[in-house]
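I have placed the structure first, in the form of structure tokens, so that the comments after it can refer back to it.
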Amino acid sequence: VFIDQQLTINNQQFDIVHYPYFDLFWLTLPIKKPKPTVVTIHDVIPLVFPQHFPLGIKGKIKFKIQKFSLKGVKAVITDSKNSKKDIANWLAYPKEKIYVIPLAPGKEFRPITNRQSLVATKQKYQLPDTFVLYVGDVNYNKNIPGLIKAFDKLKTPFKNLKLVLVGKAFEEQSLKETEEILQLIKALNLNNQIKILGWVPNK
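Numbering (our numbering), first residue to last: 25 to 227.
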């Protein structure tokens with residue numbers, strides 16, 4: 025893949041090359057960079073919480089290669105000031121060459137003005153009038169147990185409030201994180217207050 029990429033880059037009159045994805049443990053960035061290169065690094069969470077992201081020998085070797093390859097990059101784009109700090113700390117990349125550009129929400133994340141569509145969606149998924157919505161993964165850094173414990177404190181003052189969890193990982197009960205989440209919901213007696221939808225199409 026890298027050979028094909030390099031041949032394409034070498035044969036084109038590009039002014040700059042942007043790699044929109046950087047994996048800590050896979051070789052997503054070539055060592056040789058014939059053109060000025062910019063890379064986007066969203067976060068380095070596996071380095072901040074290594075106990076939750078165990079590495080094998082291959083992963084450690086690939087990380088060293090990726091870290092070395094990053095030295096030849098002209099600039100790094102990241103999502104937040106906290107990620108900027110982590111990248112500078114864990115990847116030893118110059119802080120002054122890291123630029124924060126926050127992610128923008130898609131156009132679908134807006135108040136729903138189509139009343140008919142809203143009613144149909146609520147009926148389809150049997151949603152209450154008032155609820156807290158979480159959409160995402162169940163990784164350690166998402167802190168779903170913390171969300172559930174916080175929601176548990178709200179069930180008395182807000183008796184009709186529900187928590188709705190959306191994401192494919194909530195359906196995968198073989199995952200350790202999902203299993204722990206389900207056990208916590210049961211332990212706190214929140215089965216009637218928390219609704220797990222799992223994967224929902226983006227429509």
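Glycine is no exception: its CB is placed at the ideal position from the N, C-alpha and C atoms.
When the Cα atoms are used, what is the spatial distance from residue i to residue j?
| i | j | result |
| --- | --- | --- |
| Pro-181 | Glu-120 | 47 Å |
| Thr-77 | Lys-86 | Strictly speaking, residue 77 in this sequence is Phe, with Thr absent from that position. Straight-line Cα distance between these residues: approximately 15 Å. |
| Leu-178 | Gln-217 | 11 Å |
| Phe-133 | Tyr-123 | 25 Å |
| Gln-197 | Trp-223 | 13 Å |
| His-42 | Leu-53 | 10 Å |
| Trp-114 | Val-68 | 8 Å |
| Gln-140 | Val-156 | 21 Å |
| Glu-195 | Glu-201 | 11 Å |
| Thr-145 | Pro-135 | 14 Å |
| Leu-203 | Pro-58 | Per the sequence presented here, residue 203 reads as Glu, with Leu not at that position. Approximately 48 Å between the Cα atoms of the pair. |
| Ala-128 | Asp-103 | 10 Å |
| Ile-89 | Leu-185 | 49 Å |
| Lys-219 | Phe-73 | 29 Å |
| Leu-208 | Asn-165 | 17 Å |
| Lys-108 | Pro-44 | 16 Å |
| Lys-131 | Ile-125 | 18 Å |
| Val-25 | Trp-50 | In this prediction, Val-25 has a pLDDT of 43, which is less than 50 and means its spatial position is unreliable; nothing more can be read from the coordinates. |
| Gln-37 | Asn-106 | 35 Å |
| Leu-212 | Lys-91 | 43 Å |
For residue i and residue j, which I take to be in contact (beta-carbon distance under 8 Å), what is that distance rounded to the nearest angstrom?
| i | j | result |
| --- | --- | --- |
| Ile-205 | Val-162 | 6 Å |
| Leu-214 | Asp-176 | 6 Å |
| Leu-79 | Tyr-149 | Actually they are not in contact, since the Cβ atoms of Leu-79 and Tyr-149 sit about 39 Å apart, beyond 8 Å. |
| Leu-71 | Leu-94 | The pair is not a contact, with the Cβ atoms about 13 Å apart (cut-off 8 Å). |
| Ala-24 | Val-143 | Not covered by the structure: residue 24. The range shown for the chain is 25 to 227. |
| Ile-40 | Thr-64 | No, Ile-40 and Thr-64 are not in contact; Cβ-Cβ is about 13 Å, not under 8 Å. |
Within 10 angstroms of the Cβ of residue i, are there 16 or more other Cβ atoms? Answer buried if so, exposed if not.
| i | result |
| --- | --- |
| Val-159 | exposed |
| Thr-137 | exposed |
| Lys-56 | exposed |
| Ile-168 | buried |
| Val-97 | buried |
| Phe-46 | buried |
| Gln-147 | exposed |
| Lys-84 | exposed |
| Ala-116 | exposed |
| Ile-81 | exposed |
| Ile-27 | Any reading at Ile-27 is ruled out, since the residue's pLDDT is 46, under 50, leaving its predicted position unreliable. |
### Task
Report yes or no: do the stretch 159 to 178 and the stretch 186 to 199 share at least 3 C-beta pairs separated by less than 8 Å?
Contact between the stretch 159 to 178 and the stretch 186 to 199 is present: three or more C-beta pairs spanning the two stretches fall below 8 Å.
### Every unbroken beta strand (DSSP E) inside the stretch 31 to 61 [3 residues or more]
41 to 43
### Task
Can you check the stretch 78 to 152 for any beta strand (DSSP E) of at least 3 residues that lies completely inside it and give the ranges in chain order?
99 to 102, 122 to 124
### Task
Please list the segments of the beta strand (DSSP E) lying wholly inside the stretch 159 to 221, counting only runs of 3 or more residues, in order along the chain.
Listed in chain order, the complete beta strand (DSSP E) runs (minimum 3 residues) inside the stretch 159 to 221 are 186 to 190.
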